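Numbering (the numbering used here), first residue to last: 85 to 331.
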């Protein structure tokens, strides 16, 4: 009998989470995320990570202040590389090897983004952290996460959120009657304008049949739980109701 195929997933973590809700980097937060990732890798999960850069720069916000949008987006991409390097260091401190791949060439600190090399790293038990977004302006890290997950043949895209534990029918901070959804289809998420991730990421995942799980990272151990495949948060898929019936 052939050995079962290892679980391979991509984790998207926002830059705001790295900053602990403020500008800059919170080492205790990044260390905790790294330790949870390392724990899942030790249990056999192959892990890739896309990090945002909102704790340093957000291109859309900078452009509203008068900066050229393309230049502002490139500044945001550089912020994601700083986060990627910090995460790499803490993952390696946790005893798991890690590589950073950047969509913008910077050989002194990161490998270039090469999908086959990223896959090989994961097969060898290394975490791969993707930095610099898509290397092009006007693309969010949500969309990049879906693209990287598809290109490295991940079975699921995990979106770790700060301050919300899944997808709701409305904003739970302003509507006390908002209901958390365990399952939602991509079609419904797009039709209802659920803005947990951007519409392009939803559409790309829907078109290619990539499951997405959106979960809160504030609960201790949730990152490891999601990486291991536990059913937390909200599953977004092409036909979640059918999947629910099969379980």
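Every residue, glycine too, gets a C-beta built ideally from N, C-alpha and C. Because the structure is a prediction, the values reported are computed rather than measured.
Separation of residue j from residue i, as counted between CA atoms
i	j	result
residue 269	residue 295	10 Å
residue 186	residue 261	42 Å
residue 371	residue 244	Residue 371 falls outside the range modelled here, since the chain spans only 85 to 331, and no answer is possible.
residue 98	residue 277	20 Å
residue 237	residue 209	16 Å
residue 160	residue 139	9 Å
residue 287	residue 136	20 Å
residue 246	residue 94	17 Å
residue 233	residue 293	11 Å
residue 107	residue 149	17 Å
residue 189	residue 157	16 Å
residue 204	residue 242	20 Å
residue 197	residue 213	10 Å
residue 222	residue 193	24 Å
residue 173	residue 215	14 Å
residue 116	residue 307	9 Å
residue 184	residue 313	24 Å
residue 323	residue 275	15 Å
residue 302	residue 114	13 Å
residue 226	residue 250	15 Å
residue 257	residue 200	42 Å
residue 146	residue 224	14 Å
residue 330	residue 89	With a pLDDT of 37 at residue 330, under the threshold of 50, the predicted position of this residue should be treated as unreliable, though the coordinate-derived value follows. If you take the alpha carbons of residue 330 and residue 89, they lie about 21 Å apart.
residue 289	residue 230	6 Å
residue 155	residue 105	24 Å
residue 315	residue 171	25 Å
residue 103	residue 291	33 Å
residue 152	residue 163	17 Å
residue 255	residue 141	25 Å
Terminal residues of the alpha helix (DSSP H) in which residue i lies
i	result
residue 381	There is no way to answer for residue 381, as the model of the chain reaches only from 85 to 331.
residue 285	283-291
Residue nearest to residue i in terms of C-alpha spacing, selected from the options
i	options	result
residue 92	311, 321, 320 and 299	311
residue 265	252, 221 and 166	252
residue 101	109, 124 and 94	109
residue 239	132, 142, 120 and 256	132
residue 285	176, 301, 219 and 320	320
residue 179	298, 126, 318 and 309	126
residue 283	249, 228, 299 and 206	228
residue 202	134, 274 and 303	134
residue 112	162, 177 and 165	177
residue 120	152, 167, 211 and 199	211
residue 130	175, 316, 141 and 207	207
residue 181	259, 256 and 123	123
residue 218	152, 191 and 165	165
residue 175	309, 163 and 118	118
residue 300	170, 267 and 248	248
residue 169	152, 195, 154 and 280	195
residue 297	104, 291 and 281	281
residue 318	267, 142 and 254	267
residue 96	167, 151, 153 and 141	167
Bounding residues of the beta strand (DSSP E) (the contiguous stretch that carries residue i)
i	result
residue 102	Where residue 102 is concerned, there is no enclosing beta strand (DSSP E), although the alpha helix (DSSP H) it sits in stretches over 99-102.
residue 311	Segment 306-312 is the alpha helix (DSSP H) holding residue 311; no beta strand (DSSP E) there.
residue 318	318-321
residue 186	182-186
residue 263	Run containing residue 263: none; DSSP gives neither H nor E here.
residue 296	295-300
residue 215	211-215
Residue i beta carbon near the ligand MN (any heavy atom closer than 8 Å)
i	result
residue 255	As far as ligands go, the structure on display features none, and thus does not contain the ligand MN.
Min CB distance residue i to chain D below 9 Å
i	result
residue 100	This model lacks chain D altogether, as it is built from one protein chain only.
- Inside the region 87-162 only - beta strand (DSSP E) runs reaching at least 3 residues: 92-97 and 130-135
- Those runs of the alpha helix (DSSP H) which lie wholly inside the region 219-277 and span at least 4 residues: 225-235 and 270-275
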